[in-house]
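Undergrad: Here you go, one structure.
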Amino acid sequence: MEMDPNTDLSSVTRPRATPVLTTFQFDSGKVGHIWTTFSEDQIDLNFACPEVLYKMIDVLMFYLEEGAEYVRLDAVGFMWKVPGTSSIHLEETHEIVKLFRDLVDIAAPGTIIITETNVPHVDNISYFGNGEKEAHMVYQFPLPPLVLHAIHHGNAKFLRNWAKNLELPEGKRTFFNFLASHDGIGLNPVRGIIPEAEILALVNDLEEEGALVSYKQNPDGSKSPYEINVTYMDALSKQADTDDLRLARFLVAHAVLMSIPGVPAVYVQSILGSRNDYLGVEATSHNRSINRKKYDLAEITAELEQRGSLRKATYDALTKLISTRKAESLFHPEIPMEVLESTAELFVVKRSSDAESIILIHNLSEKEVSYSLDSGVYTNLYKGSTVTGSDSIKLSGYEFCWLKTKNYREEQK
Numbered sequence: 001m002e003m004d005p006n007t008d009l010s011s012v013t014r015p016r017a018t019p020v021l022t023t024f025q026f027d028s029g030k031v032g033h034i035w036t037t038f039s040e041d042q043i044d045l046n047f048a049c050p051e052v053l054y055k056m057i058d059v060l061m062f063y064l065e066e067g068a069e070y071v072r073l074d075a076v077g078f079m080w081k082v083p084g085t086s087s088i089h090l091e092e093t094h095e096i097v098k099l100f101r102d103l104v105d106i107a108a109p110g111t112i113i114i115t116e117t118n119v120p121h122v123d124n125i126s127y128f129g130n131g132e133k134e135a136h137m138v139y140q141f142p143l144p145p146l147v148l149h150a151i152h153h154g155n156a157k158f159l160r161n162w163a164k165n166l167e168l169p170e171g172k173r174t175f176f177n178f179l180a181s182h183d184g185i186g187l188n189p190v191r192g193i194i195p196e197a198e199i200l201a202l203v204n205d206l207e208e209e210g211a212l213v214s215y216k217q218n219p220d221g222s223k224s225p226y227e228i229n230v231t232y233m234d235a236l237s238k239q240a241d242t243d244d245l246r247l248a249r250f251l252v253a254h255a256v257l258m259s260i261p262g263v264p265a266v267y268v269q270s271i272l273g274s275r276n277d278y279l280g281v282e283a284t285s286h287n288r289s290i291n292r293k294k295y296d297l298a299e300i301t302a303e304l305e306q307r308g309s310l311r312k313a314t315y316d317a318l319t320k321l322i323s324t325r326k327a328e329s330l331f332h333p334e335i336p337m338e339v340l341e342s343t344a345e346l347f348v349v350k351r352s353s354d355a356e357s358i359i360l361i362h363n364l365s366e367k368e369v370s371y372s373l374d375s376g377v378y379t380n381l382y383k384g385s386t387v388t389g390s391d392s393i394k395l396s397g398y399e400f401c402w403l404k405t406k407n408y409r410e411e412q413k
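Residue numbers (UniProt numbering): 1 to 413.
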């Protein structure tokens, strides 16, 4: 998208600390100024040009023809530009998402559209559509920094308050829950949820432990951290921690991910137990390369079979957690969540049908913590053991319990 460099673009929302326009020389020799929302190596398309829109529809149709079951619309909020506006989340952008949704529903019913908008929650969920069909799923961006903050402080206060106020979408729409991705841990989605001073303190703590931080340009010319670049394994731990402690924190974080309504996703670097890839950063000069390590198949296969290694332990624990969740119907995205009261260290939710319930208890601290259960017999889904309620149970540091029980009804008395 070419633009006159004298155009007033001061109102444009900037996700990066780079200029909106980048100077390029065309094959003809002409010099032009091209809109680059994210960086000079990512040139924005002009969706106001019919030929561009038609071509992108053709690309969408190609993927549907190839059998794509999920289509992610990356950074979709920046699709339509109008100088003099923020050029984010404009009405025209929502109209194009609706168009893509209609095309998908006609050409490949059952294919899921996921919108990726790393922005505050209210803007993020607008892509579900206000009574009209847009995305089937939206990324649950507040979750990664909320879980990270809770485990760093051994206090689930902000995570719990956010979960209590989380409104689940109606109909065949749900959240795409995750903790890590090929990008970093976004901070903008928790601004207004976690106080700014605590966000900055978390950034500082992680930087001291080897994380990298990326910044965005503010309208007043200042810069703010928008993303922490680090593997989620290393984000949760200190460099001096033992592998056992590292894994315990990592596993309870993913238990939280699996416990809340929506569809959970586990990043490949997470399930492989990857650590920070500083050589990748050095080779590419991009902070995000820290969590994008490329592996040789023979090398990674051998490491996954190496007994006692952190990588094998992580893979085994996460695949068991995923299998446990997949086998339980009460984790269906449409089963509601009730956030239960507990001590500060715990994050406890309940998922229920008419006949059964699961109490999902997560100790996000290093302390041993007790939790009182109602009377009854519970099955620990992850461990396969039986727990008798009537007393409090004790959870060691970073332990979690997924306890299933039959609901006691008044007519059974």
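In this text, a Cβ means the ideal position worked out from N, Cα and C, and glycines have one as well.
(1) Is the beta carbon of residue 326 sitting closer than 8 Å to the one on residue 358?
(2) To the nearest angstrom, how far is it from the Cα of residue 283 to the Cα of residue 212?
(3) Express the C-alpha separation of residue 68 and residue 60 in angstroms, rounding to a whole number.
(4) Can you grab the Cα-Cα spacing for the pair residue 9 / residue 84, in whole Å?
(5) Rounding to the nearest angstrom, what Cα-Cα distance links residue 307 and residue 299 in this structure?
(6) So for residue 222, helix, strand or coil by DSSP?
(7) How many Å lie between residue 20 and residue 35 at the Cα?
(8) Would you give the residue range spanned by the alpha helix (DSSP H) that residue 396 belongs to?
(9) Measure from the C-beta of residue 239 to each C-beta in chain B and report whether the shortest distance is under 8 Å.
(10) From the DSSP output, in three-state form, read off residue 355 for me.
(11) Contact defined as beta carbons within less than 8 Å: I believe residue 119 pairs with residue 176. What is the distance between those atoms, to the nearest angstrom?
(12) Quick one: Cα of residue 39 to Cα of residue 248, how far?
(13) Starting from the C-beta of residue 345, find all residues in its chain whose C-beta is less than 8 Å away, skip the five residues before and the five after it, and write them out in chain order.
(14) For the beta strand (DSSP E) containing residue 176, name the first residue and the last one.
(15) Under a three-way DSSP split, which group does residue 370 fall into?
(16) Please list the segments of the alpha helix (DSSP H) lying wholly inside the stretch 301-350, counting only runs of 4 or more residues, in order along the chain.
(17) Can you tell me where the beta strand (DSSP E) holding residue 265 begins and where it ends?
(18) For residue 349 and residue 78, I'd like the C-alpha separation in whole angstroms.
(19) Between residue 410 and the rest of its own chain, which residues show a CB-CB distance below 8 Å, the 5 nearest in sequence each way excluded?
(20) To which residues does DSSP link residue 388 through a beta bridge?
(21) Can you list, in chain order, the stretches of the beta strand (DSSP E) that have 3 or more residues and sit fully within the stretch 30-86?
(22) Give a yes or no on contact between the stretch 285-304 and the stretch 190-209, applying the rule of three or more CB pairs nearer than 8 Å.
(23) Among all the DSSP beta bridges, which residues are the ones paired with residue 191?
TA: Short version:
(1) One-based indexing of the sequence shown puts residue 326 at position 326. One-based indexing of the sequence shown puts residue 358 at position 358. Against a cut-off of 8 Å, the Cβ pair of residue 358 and residue 326 comes out as no contact.
(2) Here residue 283 corresponds to residue number 283 of the sequence shown, with the count starting at 1. Here residue 212 corresponds to residue number 212 of the sequence shown, with the count starting at 1. Note on geometry: alpha-carbon atoms of residue 283 and residue 212 lie some 15 Å from one another.
(3) Numbered from 1 along the sequence shown, position 60 holds the residue referred to as residue 60. Numbered from 1 along the sequence shown, position 68 holds the residue referred to as residue 68. Cα atoms of residue 60 and residue 68: separation of roughly 10 Å, rounded to the nearest angstrom.
(4) Residue mapping note: residue 9 aligns to position 9 of the sequence shown, counting from 1. Residue mapping note: residue 84 aligns to position 84 of the sequence shown, counting from 1. C-alpha separation (whole angstroms): 6 Å.
(5) Within the sequence shown, numbered from 1, the residue matching residue 307 stands at position 307. Within the sequence shown, numbered from 1, the residue matching residue 299 stands at position 299. Cα to Cα, residue 307 sits roughly 15 Å from residue 299.
(6) Stepping through the sequence shown from its first residue, residue 222 is reached at position 222. Residue state, collapsed to three classes: coil.
(7) Stepping through the sequence shown from its first residue, residue 20 is reached at position 20. Stepping through the sequence shown from its first residue, residue 35 is reached at position 35. Each residue's Cα considered, the two are about 6 Å apart.
(8) Here residue 396 is taken as the residue at index 396 of the sequence shown, counted from 1. Run containing residue 396: none; DSSP gives neither H nor E here.
(9) The question asks about chain B, but that chain is absent: this structure has only one protein chain.
(10) Along the sequence shown, one-based indexing puts residue 355 at 355. Correct three-state label for residue 355: coil.
(11) In the sequence shown, residue 119 corresponds to position 119, counting from 1. In the sequence shown, residue 176 corresponds to position 176, counting from 1. The distance from the Cβ of residue 119 to that of residue 176 is about 15 Å, inconsistent with a contact at the 8 Å cut-off.
(12) Residue numbering aside, residue 39 sits at position 39 when the sequence shown is read from its first letter. Residue numbering aside, residue 248 sits at position 248 when the sequence shown is read from its first letter. So the two alpha carbons sit approximately 37 Å from each other.
(13) The sequence position of residue 345 within the sequence shown is 345, counting from 1. Its chain contains 154, 155, 156, 363, 364, 365, 367 and 369 as the residues whose beta carbon lies nearer than 8 Å to that of residue 345, once the 5 sequence neighbours on both sides are disregarded; these appear in chain order.
(14) The residue you call residue 176 lines up with position 176 of the sequence shown. Segment 174-178, the beta strand (DSSP E) holding residue 176.
(15) The count along the sequence shown starts at 1 and reaches residue 370 at position 370. The answer is strand: DSSP assigns residue 370 an E or B state.
(16) 310-326
(17) Position 265 of the sequence shown, counted from the start, is the residue given in the question as residue 265. Counting along the chain, the beta strand (DSSP E) containing residue 265 begins and ends at 263-265.
(18) Here the question's residue 349 lines up with position 349 in the sequence shown. Here the question's residue 78 lines up with position 78 in the sequence shown. Near 35 Å, if we compare the C-alpha coordinates of residue 78 and residue 349.
(19) What you label residue 410 is simply residue 410 of the sequence shown in a count that begins at 1. With a pLDDT of 42 at residue 410, under the threshold of 50, the modelled position of this residue cannot be trusted, and the question is left open.
(20) Translated into positions along the sequence shown, residue 388 becomes position 388. Beta-bridge pairing links residue 388 to 377.
(21) 31-35 and 70-74
(22) no
(23) Residue 191 sits at position 191 when you count from the first residue of the sequence shown. Beta-bridge pairing links residue 191 to 194.
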